[in-house]
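These notes are about the structure you will find just below.
Residue numbers (UniProt numbering), protein chains in the order written: chain W, 1 to 307; chain B, 1 to 307.
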């Protein structure tokens with residue numbers, strides 16, 4: 001059975017996402033302590049893939065993932081999924097709300113349910129744990145009365161029960177996860193794909209505008225951009241770009257080749273179906289047909305068949 | 001004495017940064033529980049300014065600050081400072097390394113000293129606290145043996161002593177902080193300034209490339225860019241941009257006016273001296289002299305004085 005790594009511990013949102021990303025095949029899921037280790041296991045061949053968080057609508061991007069994607073040997077994303085950030089509040093069976101005097105979770109989770117806690121468990125003292133799952137384990141062990149945890153946690157800690165489900169102060173908060181593996185032929189284009197790259201350019205006026213113009217000229221819609229300082233070379237910036245389209249699309253391939261000419265380094269981070277399956281609208285001038293017709297026309301010109 | 005808010009609790013890096021940002025004047029520093037509250041105190045006039053973290057080289061940007069800057073009434077940054085991320089390990093006096101069986105800190109701080117802990121306190125059990133300062137307080141109270149805390153913490157908790165100073169796995173990690181106040185005439189240009197804006201544009205192909213071209217055409221160097229989904233309107237993106245130059249500079253003013261024409265919303269987030277004081281190099285075509293000369297020339301043309 002293939003082994004698939006994920007950012008652990010077990011019983012967290014990342015395990016839940018990794019299960020969704022690997023629902024189609026039998027796999028053994030293996031928790032790793034941090035993203036770097038999970039991707040090292042992919043790179044070494046110890047696992048066939050890894051599930052990692054990439055951005056959260058409230059907390060922002062996950063720099064540990066971005067840095068781990070561009071360090072060491074290449075890896076590529078082959079699938080994405082998006083999970084709503086809603087929590088379960090778990091207690092030992094029979095615990096009533098008025099009996100909860102301590103509640104624990106990861107600080108990020110606590111930050112996203114503070115309003116709910118004030119309204120529903122106003123007298124509970126807040127404690128911090130290293131993960132939402134560690135908080136659930138501590139409740140099971142009698143250390144705290146309640147844990148704010150991912151919906152999957154109750155499966156991991158079946159001796160607990162839900163005091164409340166669907167808890168979240170911010171509605172529509174989400175986290176996006178990627179399934180990452182060693183380079184291999186990308187998944188087939190679906191017409192609703194996303195491509196991720198990391199491009200390093202020199203810190204000069206206008207280089208980013210030119211780089212983005214290469215996408216614009218080919219009718220490619222950018223869905224995310226973030227600059228990160230490169231650690232290794234002064235005076236250079238690394239941009240993480242997500243945009244619509246698949247590397248197999250002519251317009252995307254053409255743009256990537258242009259980026260390759262302009263940048264000191266371009267790392268292809270994968271083409272994969274978008275979680276929302278929303279098809280990309282493409283102008284006629286950037287369609288496959290238009291690219292094929294223009295290539296034929298150029299061939300004909302060069303061969304002296306037409307003028 | 002003017003009151004200045006900061007992201008608390010006291011004894012953390014943000015207090016240390018806010019002290020550095022306000023070293024020139026007598027002020028009472030007031031900790032607030034979160035960035036939103038600190039900026040609400042600025043907006044209401046309860047405090048004259050607030051010190052807030054904006055980005056960390058390891059952990060990435062601070063979305064809570066970015067979101068709070070663009071919500072509600074306008075506020076502007078008037079100064080920035082950069083602190084190296086190096087920690088003190090604090091213990092009760094006389095504690096020897098081999099006596100440390102528990103160590104506590106905020107999960108982000110623990111993540112940045114894991115290597116040091118493994119090498120120097122390999123048998124210490126790790127516990128998590130809501131802040132580096134809360135960990136120091138817990139050590140003072142006898143709850144844990146050691147805390148990983150900001151260098152300022154020992155001043156707040158004078159009953160503790162340093163087991164080790166300058167602790168950090170990643171060298172050169174830094175956090176950038178801003179001093180934010182209600183809109184007022186910006187600080188004088190110094191020749192080494194940074195300007196921050198948040199621009200909302202429609203989610204159409206090429207709008208960002210055009211927006212950045214407006215900066216490029218005026219020889220303005222971008223130092224940071226990050227997209228955040230706007231919560232209020234679908235199909236729109238908000239870009240946080242930091243670039244060289246001061247709003248009083250002709251090239252920057254000209255570019256901002258162009259952004260205002262192109263974007264559905266532009267929020268000016270301040271012009272302030274760069275922490276590194278590195279002067280911006282400007283091509284002759286974007287100099288003040290060139291802008292003044294071209295404006296005079298156009299006036300003369302329009303008045304029929306020359307042709």
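Just so it is clear, CB atoms sit at the ideal spot from N, CA and C, and this is done for glycine as well.
Since this is a predicted model, take the numbers as computed values, not measurements.
Requested in this report: Flag this pair as yes or no: are the beta carbons of residue 135/B and residue 149/B separated by less than 8 Å?
Outcome: yes
Requested in this report: With DSSP collapsed to three states, give me the class of residue 304/W.
Outcome: coil
Query raised in the report: In the segment 28–99 of chain W, which residue ranges form an unbroken alpha helix (DSSP H) of at least 4 residues, counting only runs that do not cross its ends?
Result: For secondary structure counted as the alpha helix (DSSP H) over 4 or more consecutive residues, the segment 28–99 of chain W holds these complete runs in sequence order: 35–44 and 63–70.
**Report entry** Boundaries (first-last residue) of the beta strand (DSSP E) holding residue 166/W
**Finding:** First-last of the beta strand (DSSP E) with residue 166/W: 161–167.
Requested in this report: Could you tell me whether any Cβ in chain B is nearer than 8 Å to the Cβ of residue 11/W?
Outcome: no
Query - Within chain W, the residues that residue 87/B reaches when beta carbons sit closer than 9 Å - result: The contacting residues do not exist; residue 87/B stays about 17 Å from chain W at best.
Query - Contact check, residue 274/B vs residue 194/B, beta carbons under 8 Å - result: yes
Query - Any chain W beta carbon closer than 8 Å to residue 221/B - result: yes
Query raised in the report: Taking the beta strand (DSSP E) that residue 322/B falls in, what are its first and last residues?
Result: Coverage of chain B is limited to positions 1 through 307, which leaves residue 322/B absent and any answer about it impossible.
Query raised in the report: So what's residue 132/W in DSSP terms, helix, strand or just coil?
Result: helix
Query raised in the report: Just the Cα atoms here: how many angstroms apart are residue 166/W and residue 88/W?
Result: When rounded, the separation of the alpha-carbon atoms in residue 166/W and residue 88/W is 6 Å.
Report task. If I'm right that residue 196/B touches residue 50/B with Cβ under 8 Å, what's the distance once you round it to whole angstroms? Result -> 15 Å between Cβ atoms; not a contact.
**Report entry** Environment of residue 305/W [buried if 16+ CB atoms lie within 10 Å]
**Finding:** In the assembly as shown, residue 305/W is an exposed residue. Its beta-carbon has fewer than 16 other beta-carbons within 10 Å.
**Report entry** Option nearest residue 205/B by Cα separation, candidates 216/W, 208/W, 39/W and 132/W
**Finding:** 216/W
**Report entry** Assigned exposure category for residue 184/W - 16 Cβ within 10 Å defines buried
**Finding:** exposed
Query raised in the report: So, is residue 125/B buried or exposed, given that buried needs 16 or more other C-beta atoms within 10 angstroms?
Result: exposed
Report task. State the beta-bridge partners of residue 127/W as determined by DSSP. Result -> 104/W
Query raised in the report: Count the other CB atoms within 10 Å of the CB of residue 284/W; is the residue buried (16 or more) or exposed (fewer)?
Result: exposed
Query raised in the report: What does residue 266/W pair with, by DSSP beta-bridge criteria?
Result: 199/W
Requested in this report: With DSSP collapsed to three states, give me the class of residue 271/W.
Outcome: strand
Requested in this report: Find the residues of chain B that neighbour residue 209/W, judging by a C-beta separation of less than 8 Å, and give them in chain order.
Outcome: Those are 209, 212, 213, 215 and 216, listed as they occur along chain B.
Report task. Just the C-alpha distance for residue 23/W and residue 114/W, rounded to the nearest angstrom, thanks. Result -> Computed Cα separation, rounded: 33 Å.
Query raised in the report: So does the segment 81–99 of chain W actually touch the segment 25–44 of chain W, counting three or more Cβ pairs closer than 8 Å?
Result: Using a C-beta cut-off of 8 Å, the segment 81–99 of chain W makes no contact with the segment 25–44 of chain W, since fewer than three inter-stretch Cβ pairs fall below that distance.
Requested in this report: Check whether the Cβ of residue 106/W lies closer than 8 Å to any Cβ atom in chain B.
Outcome: yes
Query raised in the report: Apart from the five residues just before and just after residue 201/W, which ones in its own chain have a Cβ nearer than 8 Å to its Cβ?
Result: 207, 208, 211, 236, 237, 239, 262, 263 and 264
Query raised in the report: Are the Cβ atoms of residue 52/W and residue 38/W separated by less than 8 Å?
Result: yes
Query raised in the report: Under 8 Å Cβ-Cβ, which residues of chain B neighbour residue 278/W?
Result: Those do not exist, as residue 278/W stays about 12 Å from chain B at its closest Cβ, beyond 8 Å.
Report task. Examine chain W for any beta-carbon lying closer than 8 Å to the beta-carbon of residue 247/B, and answer yes or no. Result -> By this cut-off, residue 247/B is not an interface position.
Query raised in the report: For residue 15/B, which three-state DSSP category applies?
Result: If DSSP states are grouped into helix, strand and coil, residue 15/B belongs with the helices.
Report task. Closer than 8 Å by beta-carbon distance: list the chain W residues that pair up with residue 129/B, in chain order. Result -> Correct list: 128.
Report task. Could you round the C-beta distance between residue 218/W and residue 278/W to whole angstroms and report it? I think they count as a contact, below 8 Å. Result -> In fact, because the Cβ distance is near 19 Å, the residues do not count as touching under 8 Å.
Query - Assigned secondary structure, residue 149/B (DSSP; H/G/I helix, E/B strand, else coil) - result: strand
Query raised in the report: residue 206/W versus chain B: which residues are under 7 Å apart at the beta carbon?
Result: Close to residue 206/W, with beta-carbon spacing below 7 Å, are these residues of chain B in chain order: 216.
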